[in-house]
Amino acid sequence: MLRLDAVIGDFPTLLLGVPLTVGITLVSFIVGTVVALPIAVARIAQVPGVSQLALGWIEFFRTTPPLMHIVWGYYALPVVVGIKLDAFTVVAGALACSTSAQMAEIFRGGITAVPRGQWDASQVLGLSPLQRLWWVVLPQTLRLVLAPSCNTLVSLLKQSSLAAVIAMPEIMNRGWILASETFRPIEVLTLVAFIYFVLTWPLVLLSAALERRSSLAFRND
Amino acid sequence: MTNTQHKLVAIDHVVKRYGSVTVLDDVSLSVDTGQVAVIIGPSGSGKSTLLRCLARLENIQQGRISIDGAVVLAGDEDAKQPGAPAGAHAAYDVGMVFQSFNLFPHLTVLENITLAPRRVRGMSRTDAEELGMSLLRSVGLEDKRDSHPVRLSGGQQQRAAIARALAMRPRIMLFDEVTSALDPELVGEVLKTMRGLADQGMTMLVVTHEMGFARDVADDVVFMDHGSIVERAPPSIIFSEPREARTRLFLERLLEREGGTGRTR
Amino acid sequence: MTNTQHKLVAIDHVVKRYGSVTVLDDVSLSVDTGQVAVIIGPSGSGKSTLLRCLARLENIQQGRISIDGAVVLAGDEDAKQPGAPAGAHAAYDVGMVFQSFNLFPHLTVLENITLAPRRVRGMSRTDAEELGMSLLRSVGLEDKRDSHPVRLSGGQQQRAAIARALAMRPRIMLFDEVTSALDPELVGEVLKTMRGLADQGMTMLVVTHEMGFARDVADDVVFMDHGSIVERAPPSIIFSEPREARTRLFLERLLEREGGTGRTR
Amino acid sequence: MGDLQFGQIASYLPDLVDGAIVTIRLSAISIVMGALIGLALALARFSGLRLLSWPAYAYIEFFRTTPPLVQIVWLYYGLPLFIGHDLDAFWSAAVALGLNIAAFFAEIFRAGIVGIDRTQWQAARVLGLPMQDTLRFVILPQAFQNVLPATGTTVIYLIKGTALATAIGTPELLRVGQLIALETFRPVETLTLVAVAYFVLTYPIALAFQGLERRLAKSRV
Amino acid sequence: SQAQSVLDEIKQRGELRVAGVLYRPLISRRPNGEYVGMDVEVMKRLASDLGVKLNVVNSEWATAVAGIESKKWDIVPALCITDKRKEVVDFSESYITIGATLTIAANNAKGLTSLQAFDRPEVVFAVPGGSWSESVAKEVAPKATIKAFGQSTSADLIQEVIAGRADAVVLDTPIQTTVALAAFGDKIRVFPGHNQPLDVRACKVGYAYMKGDQKMATYLEGFTKKLRDSGQLAALVKQFMTADQIKATD
Ligand SMILES: Nc1ncnc2c1ncn2[C@@H]1O[C@H](COP(=O)(O)OP(=O)(O)OP(=O)(O)O)[C@@H](O)[C@H]1O
Ligand SMILES: Nc1ncnc2c1ncn2[C@@H]1O[C@H](COP(=O)(O)OP(=O)(O)OP(=O)(O)O)[C@@H](O)[C@H]1O
Ligand SMILES: [Mg+2]
Ligand SMILES: [Mg+2]
């Protein structure tokens with residue numbers, strides 16, 4: 029009943045979507061993570077206005093679907109303000125924004141988990157606020173943020189399929205087209221799922237290993 | 425205002441509040457160069473807060489704190505002071521050691537010590553490590569230079585924390601219950617290190633419950649309660665004939681744990 | 425095997441290993457009904473592990489532990505013992521109080537105390553609360569019944585933890601450094617509670633650094649080092665003329681913190 | 011706003027409300043289902059019994075590494091093929107999303123349980139509390155507090171994720187938006203309204219979790 | 009169940025289930041959930057002929073045919089009959105033929121005034137991948153660039169043209185173009201012209217059902233003949249396929 033043989037010949041067509049899927053994922057993850065750090069710091073900082081701005085950013089991108097950001101960026105921006113970004117920029121940008129919101133919360137969790145005493149000790153030594161953050165606090169958050177960051181990356185990889193709504197030929201778009209052509213959506217989507225599995229599984233293993241290793245360094249037995 | 429012109433540390437009428445709770449209530453205290461002041465008092469009386477204000481980890485509402493005559497912290501409810509701007513003295517004139525050590529867990533002992541000299545003073549790695557090693561030797565930890573803090577006993581961690589604070593060459597050292605998180609048989613080694621510092625003439629403010637240390641090392645013992653300084657006197661006087669009833673009551677309670685034997689120590 | 429037939433607590437040749445590290449090395453110890461044994465020794469010597477084995481929080485590799493003649497824990501490397509199955513005695517024959525209190529933070533003080541009587545003994549809510557209140561009165565905390573642990577001082581938390589353990593009406597109480605996380609002036613109140621228990625004839629094994637308590641309350645002091653019992657003697661003997669050099673060294677180190685004054689306490 | 015026209019779409023508001031109700035029902039069912047299964051999985055993972063923990067592990071990783079969209083399609087079209095039992099589009103989506111989110115909840119809950127200090131288990135053990143009472147009265151209530159922020163994020167993520175049900179035609183918010191766009195040929199405007207609707211649904215939840223977190227944090231310190 | 013015809017199942021169950029794909033004006037779902045269109049009318053008649061209820065089930069193009077195999081529905085309406093599709097499902101006789109037009113933006117600067125002008129690589133066609141529209145685009149402009157959507161509606165595709173993301177979309181005449189013109193007015197242009205289909209590969213529309221179901225084939229043949237002969241089909245085409253009518257139902 030599940031006739032994988034009927035679609036297996038189309039497998040290479042799906043594989044052609046892998047570089048684009050991986051590209052969108054990596055670019056939006058890296059950009060989102062870099063942006064997330066100042067947002068997280070701004071959220072923690074008790075500076076009036078700045079924290080609220082950061083919170084607004086986080087909540088906006090947490091509560092509205094990235095699909096909308098993509099459609100807006102791709103279809104509305106050219107019409108409304110005359111800016112015509114290319115498809116990759118739109119998708120990577122939209123996903124980077126929602127990633128930055130998620131990663132900011134992860135960073136915030138990590139930073140607030142570092143005991144106050146660490147800030148105090150480094151302040152008394154004369155380190156500037158940025159030096160405290162960079163040399164003392166951030167290295168200690170690593171073990172807390174690595175695993176959830178990996179999870180974000182895993183979700184992002186799957187979310188990159190949103191690029192399909194603007195016809196970018198990544199894995200999922202290719203899958204739907206194949207499904208329409210062959211009328212075998214279950215078989216095609218099974219292949220699609222398999223590719224996603226192969227892409228994400230190493231990340232999941234990595235995340236588990238990182239979690240184990242980084243907590244080891246802090247145990248004294 | 426009390427005359428604190430020539431004192432190294434001068435705390436003048438400091439008021440510190442958290443919201444509506446007054447934690448330091450018009451506290452004035454001065455310490456001369458080379459003096460050791462031991463601060464005692466019940467839990468919550470404001471001892472830690474006083475040290476934290478000196479280290480500029482807190483802001484204050486009223487009064488001011490000067491080091492060597494220069495105001496380093498002023499009450500934010502007071503009118504803005506003319507003259508020396510806050511921070512005229514480098515923040516690292518004051519070194520502080522905490523009850524919970526607060527070593528940086530991701531760095532080795534030597535890296536803990538060299539971080540601030542390198543990043544703040546801009547020392548070269550070689551110079552900083554040389555300085556670090558000489559300090560480690562002085563606290564008897566040269567063989568632990570490359571260990572991470574978790575691999576050290578509590579006493580060793582605390583000595584490393586002292587070395588870290590000293591690496592910035594502070595003129596004043598603050599100690600906040602530095603032995604109370606330690607196993608009793610490890611307390612001695614840390615107290616010995618502190619004794620050594622006092623002998624070398626370091627100006628020190630020490631919050632501690634170690635009455636033996638207070639008796640032997642302190643020039644003055646300061647008793648705090650409810651955010652105020654109740655009494656200040658040399659140890660020989662405060663332990664034998666405290667002026668205030670509150671001081672006597674506190675010291676008695678400290679000894680109560682010794683049981684009904686009435687033994688003094 | 426030593427003769428432990430009629431002892432309430434009998435620890436027989438117990439060996440406990442973590443991986444290749446031997447933490448308890450052929451330990452035998454017995455305590456009579458109503459006796460108070462105080463266990464002292466350097467950090468890492470196995471004191472906590474011994475209590476934890478008694479509370480059945482650990483398994484052991486060799487030997488056995490009996491309560492009132494019934495084996496409650498046997499070495500898993502030994503041949504299977506015929507006779508009484510482990511657990512013939514209810515687990516709650518033994519109550520334990522920890523250094524870090526370990527109260528349940530989401531429950532009020534009274535709920536902390538009544539949880540086990542209700543769930544394990546099937547007591548009604550009213551009965552359990554009545555029992556709970558009488559215990560709270562005995563530790564002087566009746567006005568804190570509806571407070572959450574965070575609202576209590578360390579000493580109050582520890583007294584609540586003692587009441588919680590007592591609510592299961594154990595025949596033996598284990599105390600593991602129950603005062604070492606407390607502010608010095610709060611230590612007294614907890615020690616007083618423990619003293620009261622001893623006076624009422626409770627069988628107790630107490631790990632502590634409070635030498636005053638040991639001197640006054642212990643029937644026997646047990647000195648452990650490197651996973652073995654080095655010496656056991658009444659306090660009057662062990663403090664004045666310890667048989668073993670190791671014991672003397674340890675006691676001297678404990679007193680070293682008192683400084684170079686050579687004062688004994 | 012330049013070329014955007016919202017007026018025409020306003021007349022479809024009642025339809026959007028209907029769609030929102032379907033979205034709410036979908037979310038509610040899959041969240042409850044996901045939380046229950048997730049808890050069971052977390053306990054199975056935690057149990058230390060191979061027989062329980064390995065299947066739980068396989069379940070979690072399977073659902074985390076394959077796209078939820080594919081899971082929905084599998085369930086909708088695959089289930090009748092393999093077991094001959096049929097689920098309609100709504101229930102297929104609800105069940106598939108529930109099964110999917112269970113994997114994420116499981117990991118969150120497990121982290122929450124692992125995060126409870128070992129000494130709490132020991133204290134319960136010494137009092138003679140049996141395992142199930144220890145979990146119910148001691149561990150889980152505390153774990154619940156720990157996992158609150160992560161749970162909030164996951165719940166919001168799921169509500170937005172119900173849009174995936176569009177793929178099998180479930181008449182939830184995004185699908186209704188699609189239909190409106192088809193009648194009006196105004197996809198950008200429609201999608202913007204849909205995004206506002208998602209915001210209206212999720213923001214109160216974000217606020218509620220923030221509030222709950224703050225309240226619990228207060229009762230702790 | 010191999011031997012049994014779906015027709016028997018329909019009668020047994022008392023319900024005819026039809027895939028609710030979206031293809032205006034043959035079949036479409038109003039935002040309020042109601043299904044309308046010519047095929048809906050035809051299916052109503054089919055159901056009453058069989059003496060059963062009609063149930064239009066939510067569906068999507070990519071999965072519509074899979075639903076026949078997994079017995080989600082019995083019939084998929086509004087499908088263009090192609091050889092490739094015939095490998096998977098059987099079709100009824102075609103009952104309507106649809107032509108295609110190309111819709112472009114009015115301000116398009118690529119000089120798309122003749123069919124040859126479309127047949128250049130720099131001209132981008134936005135089409136649903138694997139659809140009849142795609143095959144039309146490939147036939148009229150083999151050199152043009154195809155931008156294939158996995159899941160899309162004609163509304164999404166028009167948006168491509170409006171935003172300048174693609175140059176042309178293939179729409180069937182006249183209904184889709186009528187709606188598009190109503191929505192965007194002079195922003196778009198239709199090639200060759202409104203109500204003027206291209207002279208290529210018209211879509212012959214039929215009903216798809218389970219492959220090899222002889223009984224169903226025979227029955228549908230009879231039903232379509234009856235519909236045509238009685239003049240009902242012509243009436244329905246007249247009712248639904250004119251631009252004016254569509255405007256009226258809006
Ligand atoms: N961040 C804060 N917000 C509100 N109140 C605070 C804060 N920090 C300290 N306090 C309060 O200030 C008072 C003094 O605290 P402080 O830590 O200085 O006391 P202490 O004498 O060091 O006590 P201990 O011996 O327990 O260390 C206490 O009542 C405490 O509850
Ligand atoms: N889970 C464990 N795994 C491995 N080693 C352990 C474990 N728990 C304890 N140990 C080791 O067992 C030895 C005895 O520990 P124990 O806690 O019983 O000592 P203690 O006498 O109570 O010390 P302290 O005074 O510091 O509480 C120590 O060397 C410790 O490192
Ligand atoms: Mg303090
Ligand atoms: Mg111990």
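Chains as they are written, first to last, in this note's numbering: chain C, 29 to 249; chain U, 425 to 689; chain Y, 425 to 689; chain V, 11 to 231; chain B, 9 to 258.
All C-beta atoms in this analysis are idealised placements derived from N, C-alpha and C, irrespective of residue type, glycine included.
Since the structure is predicted, the reported quantities are computational estimates derived from the model, not experimental observations.
The C-alpha of C:V59 is placed about 11 Å away from the C-alpha of C:T117. When the Cα atoms are used, Y:V646 and Y:V460 turn out to be separated by approximately 11 Å. A Cβ of chain C is located within less than 8 Å of the beta carbon of B:V96.
Not a single CB atom of chain B sits nearer than 8 Å to the CB of V:Q81.
For a Cβ distance threshold of 9 Å, nothing in chain C lies close to B:A108: the least Cβ distance comes to about 18 Å. With respect to the C-alpha of U:F599, the residue from U:S524, U:N536, U:E554 having the closest C-alpha is U:S524.
Nearest Cα to C:Y102 within the set B:I170, B:V135, B:Y227: B:I170.
Every residue with a CB closer than 6 Å to a heavy atom of ligand 2 is listed here in chain order: C:D249, U:D607, Y:Y442, Y:V445, Y:V447, Y:G465, Y:S467, Y:G468, Y:S469, Y:G470, Y:K471, Y:S472, Y:T473.
In this structure B:V177 is in contact with B:V135, their Cβ atoms being roughly 7 Å apart against a cut-off of 8 Å.
Residue pairing by DSSP puts B:P136 in a beta bridge opposite B:F157. By alpha-carbon distance to Y:I586, the top candidate from Y:L606, Y:L478, Y:M618 is Y:M618. In the DSSP annotation of this structure, Y:G443 is not part of any beta strand (DSSP E), being labelled neither H nor E. Under a criterion of Cβ atoms nearer than 8 Å, the residues of chain Y adjacent to U:R677 are, in order, E609, G612. Assigned with DSSP and collapsed to three states, V:I82 falls in helix. Contact check for U:A540 against C:G145 fails: the beta carbons are separated by 8 Å or more.
Taking 8 Å as the CB threshold, Y:P466 lines the interface with chain U.
Its chain contains A173, T176, V204 as the residues whose beta carbon lies nearer than 7 Å to that of V:L184, once the 5 sequence neighbours on both sides are disregarded; these appear in chain order.
Relative to the non-hydrogen atoms of ligand 1, the Cβ of Y:E613 never comes closer than 7 Å to any of them. Each residue's CA atom was taken as its position, placing U:T457 and U:V433 some 8 Å apart. At a cut-off of 8 Å between beta carbons, C:R90 contacts chain V.
Under the criterion of beta carbons closer than 8 Å, B:A174 and B:F133 qualify as touching, at roughly 7 Å.
In this structure, Y:D600 has its beta carbon less than 7 Å from a heavy atom of ligand 4. For the 8 Å CB-CB criterion, B:I89 and B:K219 do not form a contact. By DSSP's assignment, Y:Q486 forms a beta bridge with Y:V439. The DSSP-derived three-state label of B:T111 is strand. With fewer than 16 neighbouring CB atoms inside 10 Å of its own CB, U:E665 falls in the exposed class. Rounded to whole angstroms, the separation of the alpha carbons of C:S128 and C:R71 is 13 Å.
Distance from B:K80 to B:V65 at the Cβ level is roughly 6 Å; contact confirmed, criterion being Cβ atoms closer than 8 Å. The C-beta distance from C:I214 to V:V83 rounds to 7 Å, short enough to meet the 8 Å contact threshold.
Among the residues of chain B, none has a CB under 8 Å from the CB of V:L183; the nearest is roughly 11 Å distant. In the DSSP assignment, C:P47 falls within the alpha helix (DSSP H) that extends over 46-72.
The C-beta of U:E554 has fewer than 16 other C-beta atoms within 10 Å across all chains shown, which makes the residue exposed.
Pairing Y:V447 with Y:H437, the inter-Cα distance amounts to about 13 Å. Listed along chain B, the residues sitting closer than 7 Å to V:T180 by beta-carbon distance are N66. Of all residues in the region 113-135 of chain V, none has a C-beta nearer than 9 Å to a C-beta of chain B. Rounded to whole angstroms, the separation of the alpha carbons of V:A104 and V:A207 is 20 Å.
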